[in-house]
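J.: For the sequence shown, numbering that gives the first Met the number 0 gives the first residue as 0, with consecutive numbering after it.
All residues carry an ideal CB built from backbone N, CA and C; glycine is no exception.
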Amino acid sequence: MTMHTTTVRFDPETWARLKLVTTELGIATADYIRAATLQRLERTAYEARVLALESRVKRVEQLVALILRRWGLVSRAST
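1. Does Arg16 come out as helix, strand or coil in the three-state DSSP assignment?
2. My output table needs one value for Thr4: the three-state DSSP class, helix, strand or coil.
3. Can you give the Cα-Cα distance for Ile32 and Thr21, rounded to whole angstroms?
4. Excluding the 5 residues flanking Thr28 on each side, which residues of the same chain have their C-beta closer than 7 Å to its C-beta?
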């Protein structure tokens with residue numbers, strides 16, 4: 000796999016914390032940053048899927064309420 004090389008800048012305190020953690024874990028700093036980036040990308044994609052699903056659920060709820068009202072099974076005031 001071809002990897003893209005980039006520069007990431009950290010303030011001294013963050014860099015020190017990052018080095019401490021990666022040293023304790025016995026992994027390369029780049030691997031830690033790469034894994035964190037992939038995790039964040041997955042989280043963002045997951046959140047987008049949840050929002051899309053919530054939108055679909057809301058639309059289905061609206062359609063069910065409309066059908067129930069049209070069939071006279073529920074009044075507008077109770078929905």
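T.: Answer, in terms of the structure:
1. helix
2. coil
3. Cα-Cα distance, rounded: 10 Å.
4. Excluding sequence positions up to five before and after Thr28, its CB lies within less than 7 Å of the CB of Leu17, Lys18 and Thr21, all in the same chain and listed in chain order.
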